[in-house]
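The working numbering applies: residue 659 is where the sequence shown begins, and numbers increase by one.
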Amino acid sequence: MLTVSHAELDLRRPGDVGRAMKEMAPDAVVIAAAKVGGIGANSTYPADFLYDNLAIETALIHSAYACGVKKLLFLGSACIYPRLASQPIPEEELLAGPLEPTNEWYAIAKIAGIKLCQAYRRQHGCDFIALQPNNLYGPGDNFDLETSHVVPALMRKAHEAKIRGERNLSVWGSGKPLREFLHVDDLADAAVFLLQNYSDEIPLNVGSGTELSIADLAAMIAGVVGFEGNIVFDASKPDGMPRKLLDVSRLSAMGWGSRIPLRPGLEETYRWFLDHAVTRA
659 MLTVSHAELD
669 LRRPGDVGRA
679 MKEMAPDAVV
689 IAAAKVGGIG
699 ANSTYPADFL
709 YDNLAIETAL
719 IHSAYACGVK
729 KLLFLGSACI
739 YPRLASQPIP
749 EEELLAGPLE
759 PTNEWYAIAK
769 IAGIKLCQAY
779 RRQHGCDFIA
789 LQPNNLYGPG
799 DNFDLETSHV
809 VPALMRKAHE
819 AKIRGERNLS
829 VWGSGKPLRE
839 FLHVDDLADA
849 AVFLLQNYSD
859 EIPLNVGSGT
869 ELSIADLAAM
879 IAGVVGFEGN
889 IVFDASKPDG
899 MPRKLLDVSR
909 LSAMGWGSRI
919 PLRPGLEETY
929 RWFLDHAVTR
939 A
């Protein structure tokens, strides 16, 4: 496996990306690099989310084509789907309606990446595929409260509240939205499976197939962390999409399914947080 760090290569610079791709000469490329974050980060840095992600994916996809890479997998996101998409969300819902305003900048960039893979496949015959996972979590996550997603943000907030002996844990929104969560190891397994078994322009959904409310997620994380106070919902903050459950029937029919239940996955993530990130909490 070939990897490269941020310090070694700025993926927004197509010339540098092209040279690195040529030197490494990979047989396959998995594009997981992106500027990511939760509702707060998307709302605060819309230009960064749109520009950085467009620059990263165009540089990588075009360089892969120019260097004759045999297979490329682009990681999209469940955010690509309309705010009021039918549930569970089938792949056909892409571009079927308006996006969720709180993450539209990121979503537009991801849609462009999917369409770029389709375009290179149609025009140049490239075996470029795409998948879109739902909300990811797991060891190695970003626990910065300004830029993190819901699971690491709630985990860090619950941990800090427990350490400080606070009685209340504040959670953005009403707690009512329904979400699906996928462990990063399941995503990695799905990516390898699709690299070996899939070749089509339809971007495939990857998820656990189960959902729970943000309120139930907060209660589960509080239990994992050991926070015994009250969970208070801040309705002045946005909820995001009311529901986001992916239809994973296409991938299931191919023989793949997620294996890591949410509670054990959260427990593993919290252990990683204590070992690696708690000194910065």
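For glycine and all other residues, C-beta sits at the position ideal for the given N, C-alpha and C.
Could you give the distance in angstroms between the alpha-carbon of A935 and the alpha-carbon of R814? Along the sequence shown, one-based indexing puts residue 935 at 277. Along the sequence shown, one-based indexing puts residue 814 at 156. One alpha carbon belongs to A935, the other to R814, and they sit about 9 Å apart.
Go through its chain and collect everything with a Cβ distance to A743's Cβ below 6 Å, but skip five positions before and after it. Translated into the one-based positions of the sequence shown, residue 743 becomes position 85. Closer than 6 Å at the Cβ level, and outside the excluded window around A743, lie E751.
Pairwise C-alpha distance: R901 and P835: On the sequence shown, residue 835 is found 177 positions in, with the first residue counted as 1. On the sequence shown, residue 901 is found 243 positions in, with the first residue counted as 1. Approximately 6 Å, taken between the alpha carbons.
Segments of 3+ residues assigned as beta strand (DSSP E) that fall wholly inside the stretch 676-753: 686-689, 729-733
Measure the CB-CB distance between Y795 and F707 and report whether it falls below 8 Å. The count along the sequence shown starts at 1 and reaches residue 795 at position 137. The count along the sequence shown starts at 1 and reaches residue 707 at position 49. No, the pair does not count as a contact, with Cβ atoms beyond the cut-off.
For D843, three-class secondary structure by DSSP: Taking the first residue of the sequence shown as position 1, residue 843 is located at position 185. The answer is helix: DSSP assigns D843 an H, G or I state.
Skipping 5 residues on each side, what residues in its chain have a beta carbon closer than 6 Å to that of G695? Residue 695 sits at position 37 when you count from the first residue of the sequence shown. Hits under 6 Å: T805.
Short check: CB of L812 to CB of A876, under 8 Å? Position 154 of the sequence shown, counted from the first residue, corresponds to residue 812. Position 218 of the sequence shown, counted from the first residue, corresponds to residue 876. For L812 and A876, yes; Cβs fall inside 8 Å.
Taking only the alpha-carbon atoms, compute the straight-line gap between A724 and E681 and give it to the nearest angstrom. Along the sequence shown, read from residue 1 onward, the residue named residue 724 stands at position 66. Along the sequence shown, read from residue 1 onward, the residue named residue 681 stands at position 23. Going from the Cα of A724 to the Cα of E681 covers about 13 Å.
Chain-order list of residues whose beta-carbon lies under 6 Å from that of F786 (same chain, five-residue window excluded): Residue 786 sits at position 128 when you count from the first residue of the sequence shown. Contacts found: L730, C775, Y778, R779.
In whole angstroms, give me the CA-to-CA distance for R921 and I860. As a first step, residue 921 must be located in the sequence shown, where it is residue number 263. As a first step, residue 860 must be located in the sequence shown, where it is residue number 202. Answer to the nearest angstrom: the Cα atoms are 31 Å apart.
Taking the alpha-carbon positions, what's the R671 to V890 distance? Here residue 671 is taken as the residue at index 13 of the sequence shown, counted from 1. Here residue 890 is taken as the residue at index 232 of the sequence shown, counted from 1. For R671 and V890, the gap between their C-alpha atoms comes out near 44 Å.
Is there contact between the stretch 914-934 and the stretch 863-871, where contact requires at least three CB pairs shorter than 8 Å? yes
What does DSSP give as the partner residue(s) for N605 in the beta ladder? Past the edges of the chain, shown from 659 to 939, lies residue 605, and the structure says nothing about it.
May I ask you to list the residues that DSSP assigns as paired with Y795? The residue labelled residue 795 in the question sits at position 137 within the sequence shown. BP columns for Y795 point to H841.
Who are the near neighbours of L853 in its chain, counting only those whose CB is closer than 7 Å to its CB and skipping five residues on each side? For the purposes of this step, residue 853 is identified with residue 195 of the sequence shown, where counting begins at 1. By the criterion of a C-beta distance shorter than 7 Å, L853 is surrounded in its chain by A686, K729, L731, once the five residues flanking it on both sides are discounted.
Residues of its chain near D865, where Cβ-Cβ distance is below 6 Å and the 5 sequence neighbours each way are ignored: Along the sequence shown, read from residue 1 onward, the residue named residue 865 stands at position 207. Correcting the residue identity first, residue 865 is Gly in this sequence and not Asp. Closer than 6 Å at the Cβ level, and outside the excluded window around G865, lie N792, E838, L840, L904, V906.
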